[in-house]
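Everything below concerns the one structure shown next.
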Amino acid sequence: MNNHIDLLYTYFNEFADKCIKNNHLDAFNRKSIGIDFSSKSRQGDISSNFYLVAIKKILDKEFNFKDELMAGVHNLPFIEKCEISKKGFININIKKKFLIDQIEYLLTQQNQFGKSNIGDGKNVNVEFVSANPTGPVTVAHMRGAVLGDVISSLLTNTGHHVTREYYVNNAGSQIDILGKSLFKRYLELHGEKIELNSDEYPGEYLIDIAKLIKKKDGDKWLNHDSSQREDYFKEFAVKYLIEFIEQDLKLLNIKFDKFVFESDIVNSNIINNLFKILDKKNLLYNGILEKPKGDDSDDWEPREQLLFKSSAILDDQDRAFKKSNGEWTYFANDAAYHLDKYNRKFDQLINIWGADHVGYIPRMKSVLKTISNKDDYLEVVTCQIVRLIKNNQILKMSKREGNFITLQEVYDQVGKDPLRYFMVSTKSETSMDFDLNKVIEKNKDNPVFYCQYAYARASSVINKAGDLGINIKSFNNFSEITHYLTEDEIEIILKLLSYPYIVKLASIAREPHRLTNFIEDVSASFHSFWNKGKENESLRFIDEKDIIKTQAKLIWLQSMRIVFENIFNIIGIDYHETM
RNA sequence: GCGCCCGUAGCUCAAUUGGAUAGAGCGCCAGACUACGGAUCUGGAGGUUAGGAGUUCGACUCUUCUCGGGCGCGCCA
Numbered sequence: 112m113n114n115h116i117d118l119l120y121t122y123f124n125e126f127a128d129k130c131i132k133n134n135h136l137d138a139f140n141r142k143s144i145g146i147d148f149s150s151k152s153r154q155g156d157i158s159s160n161f162y163l164v165a166i167k168k169i170l171d172k173e174f175n176f177k178d179e180l181m182a183g184v185h186n187l188p189f190i191e192k193c194e195i196s197k198k199g200f201i202n203i204n205i206k207k208k209f210l211i212d213q214i215e216y217l218l219t220q221q222n223q224f225g226k227s228n229i230g231d232g233k234n235v236n237v238e239f240v241s242a243n244p245t246g247p248v249t250v251a252h253m254r255g256a257v258l259g260d261v262i263s264s265l266l267t268n269t270g271h272h273v274t275r276e277y278y279v280n281n282a283g284s285q286i287d288i289l290g291k292s293l294f295k296r297y298l299e300l301h302g303e304k305i306e307l308n309s310d311e312y313p314g315e316y317l318i319d320i321a322k323l324i325k326k327k328d329g330d331k332w333l334n335h336d337s338s339q340r341e342d343y344f345k346e347f348a349v350k351y352l353i354e355f356i357e358q359d360l361k362l363l364n365i366k367f368d369k370f371v372f373e374s375d376i377v378n379s380n381i382i383n384n385l386f387k388i389l390d391k392k393n394l395l396y397n398g399i400l401e402k403p404k405g406d407d408s409d410d411w412e413p414r415e416q417l418l419f420k421s422s423a424i425l426d427d428q429d430r431a432f433k434k435s436n437g438e439w440t441y442f443a444n445d446a447a448y449h450l451d452k453y454n455r456k457f458d459q460l461i462n463i464w465g466a467d468h469v470g471y472i473p474r475m476k477s478v479l480k481t482i483s484n485k486d487d488y489l490e491v492v493t494c495q496i497v498r499l500i501k502n503n504q505i506l507k508m509s510k511r512e513g514n515f516i517t518l519q520e521v522y523d524q525v526g527k528d529p530l531r532y533f534m535v536s537t538k539s540e541t542s543m544d545f546d547l548n549k550v551i552e553k554n555k556d557n558p559v560f561y562c563q564y565a566y567a568r569a570s571s572v573i574n575k576a577g578d579l580g581i582n583i584k585s586f587n588n589f590s591e592i593t594h595y596l597t598e599d600e601i602e603i604i605l606k607l608l609s610y611p612y613i614v615k616l617a618s619i620a621r622e623p624h625r626l627t628n629f630i631e632d633v634s635a636s637f638h639s640f641w642n643k644g645k646e647n648e649s650l651r652f653i654d655e656k657d658i659i660k661t662q663a664k665l666i667w668l669q670s671m672r673i674v675f676e677n678i679f680n681i682i683g684i685d686y687h688e689t690m
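Laid out in structure tokens, this is it:
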């Protein structure tokens, strides 16, 4: 069942098609057609800029564009009133009966309401977190973790097949250092005095893992061939750290469909395949990179190595593909991993990257553009850092001193819901402050609580009415209830009915914060209306003497609960009928 | 030095991708309470959207310059 927004969009597009076909209008970008469905302007229930946008494209001055357009609008089934304002906006009031029909439809849809198929079943790979397996998950990754998970949910809700993927960097020098650090802890357990180098990992979690090795193997490794021992300690460390990481993320209810190991990529032939693809297009050459301008260090010296001609595609300079000693660079391996994703037949790749990787985007997009011939085959969503604030002080972290704050620690202090909610409640590319004191307050200053409370209140009304024998289970007098609803309630209903569009736009823009804005907006309207019932009894929800009026209210309250549940499910936070 | 991101009310953030008078919460000021859940609500003040120039019917949004903040800048990962 199409709602008023769908119908209006469809009409505008068909009307434009017809005009263009008849040479009355010049073609134009349909994305510029906007519908304001939140009635913010209060000059109608919904409004549109269609007239303003299209009038610029008139070719035939004889053609009576305005009258033709409006005649069609008036034929739409939901139009109560429609006019074009002085400035050129189309303002529409909607028949209440039509809104109630939509609410009836919403109630039959339940958790399907708001879902759509704009993704058309596309296979999308969302890669996120991908923190190096050298320690527990820290706060540095928590925003990307929640963001990736919620974007995945948004995509699922809009008709995409989503694979949540984690790339494990278990090769390379960081892992060598990790293995050495672990071995030192193992030595320590056998009574040796150890000293960690500044680049080694000081975390106590390695002591726990070393204990596991000691328990399993005793002193077997104390005097053992070193290369075999090194591999063993590396693998052992990574295996347990990945488990720790999975446990940490499960605290936030984040689960991955697939873990891909860098070692498997390195050991496969995929890097050679990538080499062939790039080489065939003449994008690889031996050359010498220039010295970076900001680098005043003296140890720079020119070196010849294999370079990727990314500057010919999307980057501002070429990038090292092989080290001067002939090994593949990290970038080359990572690019090979992306080729692997491409070979797994995904229609699109989305990476969630932290701010420290933004400089990396052009070269990786260059690779994937070359492979796929599509500009946007790889999409990178970046998120800026989160500053933790406690007792009005910024919590500083320094990796060198090992005093990084773990995800677990923050989780213990605030819990899953505030953590998830706040991580996605602002635009990801702006840096944000996360105040540990404020996010756990249980009052209206806290939007998580405010929205959950709105849900609980609505639930309590429905339950209370049920106790009085009033419910909407077999209600079918939808056509009779419109005159029981006030303007405030109609406005809330309008908002609820715009929810499918909020989801679509949030999904297309990869911006979950649109959902939190929306639910806060509806919650505010709801709490405000609730309070009016305190001063004016006629505005209260339950009236035992007037069953139909009560049912009319219960119907939109139930609709609101459904919309809230759907949003809570996408964001991944809990909801309760009592708090 | 170069590149990317950001700059919106005292503070924390929005603004449906170029739309109408830039909106919320906190804080501040003034009010409301025997309540279908006060874990609340009503009203008010507060803005040259960092600043200048440009593009057009129309700019927080696009272009350009300046200022300020963050991140990154050959073989690390």
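Here my numbering is used: the first residue of the first sequence is 112, the next is one more, and so on.
The beta-carbon is built from N, C-alpha and C at its ideal position, and this holds for glycine as well.
At the C-beta level, Ser143 and Asn202 stay beyond 8 Å of one another. The criterion of a C-beta distance shorter than 8 Å is satisfied by Glu655 and Leu579. Non-local C-beta neighbours of Gln416 in its own chain, meaning closer than 6 Å and more than five positions away in sequence, comprise Ala431, Lys433 and Ser435, ordered along the chain. Under the DSSP definition of a beta bridge, Leu417 partners with Asn397. A straight-line Cα-Cα distance of about 17 Å links Ser636 and Asn647. A straight-line Cα-Cα distance of about 11 Å links Leu608 and Asp212. Of the candidates His301, Pro473 and Leu289, His301 places its Cα closest to the Cα of Lys322.
Remark: C-beta atoms of Leu626 and Ile682 approach each other more closely than 8 Å. Counting only the Cα atoms, Arg141 lies some 7 Å from Asn124.
Under the criterion of beta carbons closer than 8 Å, Ile500 and Tyr453 do not qualify as touching, at roughly 41 Å. Under the three-state reduction of DSSP output, Asp178 falls in the helix class. Non-local C-beta neighbours of Cys130 in its own chain, meaning closer than 7 Å and more than five positions away in sequence, comprise Leu136, ordered along the chain. Contact between the stretch 229-245 and the stretch 595-611 is not established, with fewer than three Cβ pairs separated by less than 8 Å. Of Ala251, Glu191 and Leu289, the smallest CA-CA separation from Ile496 is found for Ala251. The beta carbon of Gly232 sits closer than 7 Å to those of Gly270 and His272, all from its chain and outside the five residues before and after it, given in chain order. When Cβ pairs closer than 8 Å are counted between the two stretches, the stretch 566-586 is seen not to touch the stretch 178-185, the count staying below three. Here Val250 carries a helix assignment [DSSP, helix/strand/coil]. If you ignore the 5 residues before and after Lys575, its C-beta comes within less than 7 Å of the C-beta of Ile653, all in its own chain and listed in chain order. Scanning Met508, Lys549 and Pro623 for the CA closest to the CA of Ser539 turns up Pro623.
Taking all protein chains shown into account, Thr517 has 16 or more neighbouring C-beta atoms within 10 Å of its C-beta and is therefore buried. Scanning its chain for C-beta atoms nearer than 8 Å, with the 5 sequence neighbours on each side dropped, one finds around Cys494 the residues Arg254, Gly255, Leu258, Ile463, Trp464, Gly465, Ala466, Ser539 and Glu540, in chain order. Lys345 is classed as buried because its beta carbon has at least 16 other beta carbons within 10 Å across all chains shown. Rounded to whole angstroms, the separation of the alpha carbons of Asn281 and Phe294 is 17 Å.
Taking every protein chain shown into account, the CB of Leu333 has fewer than 16 other CB atoms within 10 angstroms, so this residue is exposed. Under the 8 Å Cβ criterion, the stretch 305-321 counts as touching the stretch 275-291, having at least three qualifying pairs. Residue state for Leu293 is assigned as helix, using DSSP reduced to three classes.
Annotated three-state conformation of Thr597 is coil, per DSSP. For Val371 and Asp451, the gap between their C-alpha atoms comes out near 10 Å. Gln669 is positioned such that its CB atom lies closer than 8 Å to that of Leu218.
For the set Ser196, Tyr564 and Pro611, the Cα lying nearest the Cα of Ser227 is the one of Pro611. About 6 Å separates the beta carbon of Trp439 from that of Ile382, a gap short enough to meet the 8 Å contact definition. The beta carbon of Ser263 lies closer than 6 Å to those of Val237, Val273 and Arg275 in the same chain, with the five residues before and after it left out. In terms of Cβ geometry, Tyr471 and Ile684 do not form a close pair [threshold 8 Å].
Remark: C-beta atoms of Ile592 and Gln662 approach each other more closely than 8 Å. Contact annotation: Phe640 and Tyr566 have beta-carbon atoms that are not nearer than 8 Å. Taking every protein chain shown into account, the CB of Thr121 has fewer than 16 other CB atoms within 10 angstroms, so this residue is exposed.
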